[in-house]
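Visitor: My structure is below; once you've seen it, I'll send some questions.
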Amino acid sequence: MTNTILSVAQLTQVVSIGQSDQTTTLLKNISFTVQKGELVSIVGPSGSGKSTLLYCISGITRPTGGTVAIAGINPYQLKPNQLAAFRRQTIGFIFQQYNLIQSLPVFENVVLQQRLSHQQPQRAEIKQLLTKMNFAGQIDGPVATLSGGEQQKVAIARTILTDCDVLFADEPTGALDSASKAIIFTYFKEMVAKGRTVIMVTHDIELASQTDRAIVLKDGQVQQIVTEPTLATIYAALDQVV
Ligand SMILES: Nc1ncnc2c1ncn2[C@@H]1O[C@H](COP(=O)(O)OP(=O)(O)O)[C@@H](O)[C@H]1O
Ligand SMILES: [Mg+2]
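Just so we're aligned, residue 1 is where the sequence shown starts under the UniProt record's numbering, counting upward by one.
In structure tokens form, the structure reads like this:
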């Protein structure tokens, strides 16, 4: 009986560039598995392919080669409506650029997923969640005028509320102050303690050193997978990169 929640095998992503028939390889031959209840970080220099990898392993971007299985299902073999339902039910994604709807107030952005899943948003619960996250804006105010950090909290709250089995997060704490960062990271720890799975891209080595495993990327390839990482072991792996 396996507890594998994510299985990535020989994943490759080749994209065409410009108008010619030139291509560039963004990801090359990436294989790893993630167990249910794991908190995994993906680290590497800017441009090493972290976001591309996260999109490919989460059912957002179809890779040009290799396979992805999330909870035993290859998302790229599903029909569009099946994929939409699967993503709603199983996957959470926190985008690096937040992907909020600027014309909607904070509350409506937070409950967006719930509305799509026909769940009844609980206003008191959402208020409490935002308060816990040290959210400094107005719940009925526009998101457009919020700082990057506050927008990031709205994006995180929206995803936390979905109770997803697997959470993919792209630099989820990149815009947060250290107190808010600690609060969010505690949420992730609580999620995995409950048997959910978190896979997080981060350039924050301090944070990565508190995860169960750190996948170190270099030029679109796995340089090393560091188990029970420490600051020293991640920096050592990254040193081989720069
Ligand atoms: N669709 C694309 N076409 C061409 N190049 C891309 C595309 N998407 C990303 N890249 C390039 O691939 C590299 C990796 O990008 P990305 O995955 O965003 O890296 P990271 O998240 O580690 O900073 C970068 O050099 C980026 O410019
Ligand atoms: Mg990125």
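Cβ atoms here follow ideal geometry from the backbone N, Cα and C, with glycine treated the same way.
Note that the structure is a prediction, hence the values are computed from the model and not measured.
Within the same chain, show all residues whose beta-carbon is closer than 6 Å to that of N134, passing over the 5 residues directly before and after it, in chain order.
Guide: So the list reads S180, once near-sequence residues are dropped.
Visitor: Alpha helix (DSSP H) containing S16: first to last residue?
Guide: Looking at the DSSP string, S16 is not in any alpha helix (DSSP H); the run it does join, the beta strand (DSSP E), is T4 to S16.
Visitor: Would you decide whether V242 is buried or exposed? Buried here means 16 or more other CB atoms lie within 10 Å of its CB.
Guide: Legend: pLDDT at V242 = 49, less than 50; position of this residue unreliable, no value from coordinates given.
Visitor: Select from A84, L39, L6 and V34 the residue whose C-alpha is nearest the C-alpha of Q210.
Guide: Measuring from the Cα of Q210, the nearest candidate turns out to be L39.
Visitor: Kindly give me the distance between the Cβ atoms of V166 and I70, rounded to whole angstroms, as I take these residues to be in contact under 8 Å.
Guide: Their Cβ separation, rounded to whole angstroms, is 6 Å, which keeps V166 and I70 in contact under 8 Å.
Visitor: Any residue with its C-beta under 7 Å from a non-hydrogen atom of ligand 3 counts. Can you list them all in chain order?
Guide: Ligand 3 is not part of this structure, which contains only ligand 1 and ligand 2.
Visitor: Per DSSP, S41 forms a beta bridge with which residues?
Guide: Answer is M200 and A214.
Visitor: Which stretch, first to last residue, makes up the beta strand (DSSP E) that contains D170?
Guide: Its beta strand (DSSP E) spans residues V166 to D170.
Visitor: Excluding sequence positions up to five away, which residues of its chain have a Cβ less than 8 Å from the Cβ of T12?
Guide: Cβ neighbours of T12 beyond the five flanking positions: T25, L27, K28, N29, I30, P63, T64, G65 and G66.
Visitor: DSSP three-state label for V242, please.
Guide: Note that V242 scores a pLDDT of 49, beneath 50, so its modelled location is shaky and nothing firm can be said.
Visitor: Using the C-alpha atoms, what's the distance from V110 back to Q82?
Guide: Those two C-alpha atoms are separated by around 24 Å.
Visitor: Considering only the alpha carbon of each residue, which of T186, L231 and D219 lies closest to E206?
Guide: Here the closest residue by C-alpha is L231.
Visitor: Beta carbon of T67: closer than 7 Å to some heavy atom of ligand 1?
Guide: T67: no, Cβ never under 7 Å from ligand 1.
Visitor: Please tell me whether, using a cut-off of 7 Å, the distance from the CB of G44 to the nearest non-hydrogen atom of ligand 1 is below it.
Guide: Yes.
Visitor: Using the Cα positions of Y235 and P45, report the straight-line distance between them to the nearest angstrom.
Guide: When rounded, the distance between both Cα atoms is 12 Å.
Visitor: Would you list the one or two residues that DSSP bridges to A179?
Guide: Looking at the DSSP assignment, A179 forms no beta bridge with any residue, so it has no partner.
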